[in-house]
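>
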Amino acid sequence: MFQDPRDSNISKFQVSEFILMGFPGIHTWQHRLSLPLALLYLSALTANILILTTIKQEATLHQPMYYFLGILAVVDMGLATTIMPKILAILWFSAKAISLPECFAQMYVIHCFVGMESGIFVCMAIDRYVAICRPLRYPAVVTESFVVKATMLMALRNSLAIIPVPVLAAQRHYCSQNQIEHCLCSNLGVTSLSCDDRTINSICQLFLAWALMGSDLGLIFLSYALILHSVLKLNSAEAASKALSTGTSHLILILFFYTVIIVISITHSATMTVPLIPVLLNVLHNVIPPALNPMVYELKNKELRQGLYKVLKLNIKGN
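Following the numbering used here, the numbering of the sequence shown begins with 45 at its first residue and continues without gaps.
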């Protein structure tokens, strides 16, 4: 597992693989978590596939708002699939080993998908802003071309901006310690094992969090502040209620997504006393939103709910 150059006063041993230990503090019975996690993963895949099928088959849902929802479904499935197969392999088969390239690749993909989900939330907030505050301009501004360009911009932004995270982590020197008290290759979890200074990694993580997530959250709050201001000026209570209901489901998901990120950041400072909490939150944050997002939209959006009913009814007749 180790390479020994032998001719240095400082140990230059470099581990060839990491060991993902799973959930810290509950290693002896962590396998019991496999069933609920597997059910959450299957729920996420099933719900998002249904969302995509419904949007594709129902002509009334061929609108930018639902296109963004379909893109969000793809991102959610990608995020959950990036981590869940490995976590279940750890819990079921004790397949804890992961090579360094695989670990850094997983780190990159996780950050990309999380950043992409944040970016899609911004696009959806802009869509709701134009629809409610500039309804006459909506057909001309939010077009299929806008959806494609916005999605490509977010994908390019996240795929490039995240590169320093795994690159800097790969440049650290990992000696003697290779056991990660986590279920996935998080940046902080991996770099905490390095034998050299990892200050640059922490700075990079903090900068990207504020630059990407912070700016996204700021734009979302600005959009909804303008939406609220516009809605409050409406003379009709019914029109105001209808306008607010179109963005309620979106706002619920946004608050959940960013609140968990903030809680994870705060609890990371308490990892020495309660290490299980940030690890568990990190895992759940990558699997609960993919399962929760479609359900919230189905409950809050009448058109989507009716479209889903039609799709399921057609499937039953087809059988």
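Don't be surprised by glycine CBs; every beta carbon is placed ideally from N, CA and C.
Under DSSP, the alpha helix (DSSP H) around SER162 begins and ends at which residues?
That run of the alpha helix (DSSP H) goes 144 to 177.
> LEU123 by DSSP, collapsed to three states: which one?
Correct three-state label for LEU123: helix.
> Does the pairing of the segment 75 to 89 with the segment 129 to 139 give three or more beta-carbon distances under 8 Å?
Result yes; three or more Cβ-Cβ pairs closer than 8 Å.
> For a quick check, are the C-beta atoms of LEU64 and ILE308 less than 8 Å apart?
Cβ distance not < 8 Å, so LEU64 and ILE308 don't count as in contact.
> For a test of your reading of the model: does the CB of ALA139 fall under 7 Å from any non-hydrogen atom of the ligand GTP? Yes or no.
For the structure depicted, the ligand GTP is absent and the ligand set is empty, with no information on it obtainable.
> Excluding sequence positions up to five away, which residues of its chain have a Cβ less than 8 Å from the Cβ of SER203?
Hits under 8 Å: CYS156.
> In or out: THR90 buried (at least 16 other Cβ within 10 Å) or exposed?
With fewer than 16 other Cβ atoms within 10 Å, it is exposed.
> Looking at the secondary structure, which residues open and close the beta strand (DSSP E) in which ILE63 lies?
Looking at the DSSP string, the run of the beta strand (DSSP E) that includes ILE63 is 61 to 64.
> Give the single residue among LEU356, PHE301, ILE305, CYS239 whose Cα lies nearest to the Cα of VAL59.
Nearest C-alpha to VAL59: CYS239.
> Could you tell me which of LEU320, LEU212, LEU263 sits nearest to THR243, measuring between CA atoms?
Nearest of LEU320, LEU212, LEU263 to THR243, Cα basis: LEU212.
> Just reading off the alpha helix (DSSP H) that GLY262 is part of, what are its end residues?
GLY262 -> alpha helix (DSSP H) spans 259 to 276.
> So, at 7 Å on beta carbons, what are the nonlocal neighbours of CYS248 in its own chain, with the 5 sequence-adjacent residues on each side left out?
Result list for CYS248: PRO208, VAL209, LEU212, in chain order.
> From what residue to what residue does the alpha helix (DSSP H) around PRO183 run?
PRO183 -> alpha helix (DSSP H) spans 182 to 185.
> For the pair the segment 192 to 203 and the segment 154 to 170, tell me if three or more CB-CB distances fall below 8 Å.
Yes, since at least three Cβ pairs between the segment 192 to 203 and the segment 154 to 170 fall closer than 8 Å, the two stretches touch.
> Which residues in the same chain have their Cβ closer than 6 Å to the Cβ of CYS229, if we skip the five residues on either side of it in sequence?
Same-chain partners within the cutoff: CYS147, GLN150, MET151.
> Using only the alpha-carbon positions, how far apart do LEU343 and LEU336 sit?
The straight-line gap from Cα to Cα measures roughly 11 Å.
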